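I have placed the structure first, in the form of structure tokens, so that the comments after it can refer back to it.
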Amino acid sequence: MTSFARAVSVVIPTMNTRAALHDAVASALAQRDVEVEVVVAMNGTGPSPVFVDPRVRVVHSDPADRGNGARMAGIRAARHDLIALLDDDDTWTPPKLADQLAAIGARGVTGDNWVLTCSIAEFDTVARTTRVVPTEPVAEVASISRYLLARPGLYSVSPQFASSTMLFPKTLALREPWDTSVRLHQDWEWLIRLERAQGTRMMCLPEPLVVRPVSHADSMTTAPDWRSSLQWGERHLREHPARIRGDFFLIYPADRAGRAASLRGLLACLGAGVRHGRPGLGAWAYFGVTVLRGLRNAVRRSGPGA
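Going by the working numbering, 221 is the number at position 221 of the sequence shown; the sequence numbering is gapless.
Spelled out as structure tokens, the structure:
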């Protein structure tokens, strides 16, 4: 593949349990100056969604294969050479795909060994405010594992490589499929594997072309799964540098433990970070803030009326 037609297959994995699915599909169909087909990849046992637009097809995957199985079912069914992923609760701005295709041409990208992403406009559904992440976007990433998992400073923010931002050749995903055994951090696992196995070029646009609803308030009704995040790091980061391993454990599973008010989880993440890695100062500072938040959540949960 040395040139790219202005045609993209949009793959939306879903269990058809979110009302926002139709908004996601509508934002894909509203893309400007690009021929679009939408493949809604149904992963679940509920009723299949129904769409009247002939550009939308529904395919099914084995429910046991979860989200990655749905992604691959949609990718295999795609009719175009380029794939763009979209989560069923996110939306795109109208120029998203056109801007990404223009960037591919401007950067002289050829072949089928690349991934292009963009920034995200996060809409806080509690505070009713919007912020763009990351605050310091990059044009290209030299080491995807370091970019995703290391913490150079306390105020480093979320990286750009979320699934709803990704555009890539179909043949890349067929050659290096998403792993259906992975239940958490699926995007990271795929990208890290691409870099290690294929030397894939990882590029970014600074524009916020994806809109994502989020809540930055600590949840008092759900318990984030810090154990699975911890186990993911122990399984998938064994061969990575000690700094990356240490930063990961003190940031990502620890953040989940803090939001769950699990002091046991925070101690487990601390132990893993020291035992398996060598965290940097940014990770230690972030972990300190996470511990304070975890203690605050624990007090709130044990207070009157809890």
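Just so it is clear, CB atoms sit at the ideal spot from N, CA and C, and this is done for glycine as well. Only a predicted model underlies this, so the values are computations on that prediction, with no experimental measurement involved.
Contact test: residue i Cβ vs the ligand NAP heavy atom, cutoff 7 Å
i      : result
LEU149 : Absent from the structure shown: the ligand NAP. Ligands present: none.
Whole-number beta carbon distance between residue j and residue i, since they are thought to touch under 8 Å
i      : j      : result
TRP226 : ALA257 : 4 Å
ARG245 : GLY280 : That pair is no contact at about 11 Å.
ALA202 : LEU85  : The sequence as given places Met at residue 202; Ala does not occur at that position. About 15 Å separates the two Cβ atoms, so there is no contact after all.
GLY273 : PHE249 : 4 Å
LEU82  : PHE161 : At roughly 17 Å, the Cβ-Cβ gap does not stay under 8 Å, so LEU82 and PHE161 are not in contact.
SER145 : GLU195 : 7 Å
Environment of residue i [buried if 16+ CB atoms lie within 10 Å]
i      : result
LEU237 : buried
ARG259 : buried
ASP247 : buried
ALA24  : buried
MET220 : For MET220, the predicted structure reports a pLDDT of 34, less than 50, and the residue's modelled location is therefore unreliable. A value from the coordinates is still provided. By the 10 Å Cβ count, MET220 comes out exposed.
THR135 : exposed
VAL299 : exposed
ASP312 : Residue 312 lies beyond the residue range present for the chain, which begins at 1 and ends at 306; the question has no answer from this structure.
HIS80  : buried
ARG296 : exposed
ALA197 : exposed
THR200 : buried
VAL126 : exposed
ASP62  : exposed
GLU239 : exposed
SER215 : exposed
CYS269 : buried
VAL141 : buried
GLY294 : buried
LEU97  : buried
LEU377 : Here the chain comprises residues numbered 1 to 306, so residue 377 is not present and cannot be evaluated.
THR290 : buried
ALA139 : exposed
ALA64  : exposed
Beta carbon of residue i nearer than 8 Å to that of residue j
i      : j      : result
ARG57  : VAL36  : no
ARG212 : SER164 : yes
VAL210 : TRP92  : yes
VAL39  : SER9   : yes
GLY67  : PRO13  : yes
THR180 : GLY69  : yes
ARG183 : SER228 : yes
THR117 : PHE123 : no
LEU230 : PRO253 : yes
TRP178 : TRP190 : yes
PRO206 : SER143 : no
ASP255 : THR171 : no
VAL11  : ALA121 : no
ARG6   : VAL50  : no
PRO94  : ALA28  : no
GLU234 : HIS276 : yes
Min CB distance residue i to chain D below 8 Å
i     : result
ARG55 : Structure shown: chain D not included; a single protein chain is present.
| said: As an exercise, report each continuous alpha helix (DSSP H) stretch of at least 4 residues that is fully enclosed by the stretch 174-222, in chain order. | reply: Within the stretch 174-222, the complete alpha helix (DSSP H) runs of at least 4 residues are 186-198.
| said: Between the stretch 134-154 and the stretch 283-290, can you find at least three pairs of beta-carbon atoms closer than 8 Å? | reply: At 8 Å Cβ cutoff, the stretches touch.
| Meets three-Cβ-pair contact criterion under 8 Å: the stretch 100-113 and the stretch 59-76 | no
| request: Taking 8 Å as the threshold, find out whether the stretch 16-34 comes into contact with the stretch 42-53 through three or more Cβ pairs. | output: Yes: at least three Cβ pairs fall under 8 Å.
| field | 4-residue-minimum alpha helix (DSSP H) runs that sit fully inside the stretch 219-246, ordered along the chain | value | 226-236
| message | List, from N- to C-terminal side, the alpha helix (DSSP H) runs of 4 residues or more that fit wholly inside the stretch 249-284. | response | 263-276, all fully within the stretch 249-284.
| request: Could I get the ranges of all uninterrupted beta strand (DSSP E) runs contained in the stretch 14-101, with 3 residues as the minimum, in chain order? | output: For the beta strand (DSSP E) assignment, the uninterrupted runs of no fewer than 3 residues enclosed by the stretch 14-101 are, from N- to C-terminal side, 35-42, 56-60 and 82-85.
| message | Extract the residue ranges of the alpha helix (DSSP H) inside the stretch 119-162, only unbroken runs of 4 or more that lie entirely within it. | response | You should have 144-149.
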